[in-house]
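Going from the sequence shown to the working numbering is simple: count from 1 and add 4. For each residue, glycine too, the CB sits at the ideal point set by N, CA and C. Structure first, commentary second.
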Amino acid sequence: MTENKKTKVLVVDDEIDILRILKKVLELKNYEVITASTGKEALERINETIDIVLLDIMLPDLMGYDVCEIIKKNPALREIPVIMLSAKTQMSDIRKGLDIGVEMYITKPFDPFNIPEQLEDILQRKGEKR
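Printed below as a string of structure tokens:
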């Protein structure tokens, strides 16, 4: 990734306040933020050369797990890192997310100011540079 190209993050959550807060925090850290509030919208937006995805599990149409599985089964998209955001804190929920290929599982409530650093860690592990 070139230094002058912003990292593009797709943030998917049906809670408008979470979308707004994450968008603001990430833009302050020089990320380009695309938002979606449904699984279907996320799958439409994922084709916009997204670098990383923040994905809620509980969406109004598709479960975040289903969205992640669709992304990970698509050869053109499978290398995009996915981070799950969820109020579901049971170990079985976390395990399910990790089993389908998420790079990180963050439970709600979370500190939005920690998210940019977590994204950076994952992107560095995946070989991306900012």
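Next on the checklist: Just to check my reading of the structure: V106 and I87 have Cβ atoms closer than 8 angstroms, yes? What is that Cβ distance to the nearest angstrom?
Outcome noted: 6 angstroms
Checklist entry - What are the residues that DSSP puts in a beta bridge with L14? => result I38 and V57
Item to check | Minimum C-alpha distance to D60 - residue among I119, F117, E121 and V15 | outcome: V15
Checklist entry - By a C-beta neighbour count over all protein chains shown, 10 Å radius and 16 as the cutoff for buried, is D55 buried or exposed? => result buried
Checklist entry - Which residues in the same chain as E48 place their Cβ atom closer than 8 angstroms to its Cβ, once the five residues preceding and following it in sequence are excluded? => result A40
Item to check | Endpoints, the alpha helix (DSSP H) within which M88 is located | outcome: For M88, no alpha helix (DSSP H) segment is defined; the enclosing uninterrupted segment is the beta strand (DSSP E) at V86 to S90.
Next on the checklist: Taking only three categories from DSSP, how would you classify I50?
Outcome noted: coil
Checklist entry - Apart from the five residues just before and just after D17, which ones in its own chain have a Cβ nearer than 6 angstroms to its Cβ? => result L23 and D60
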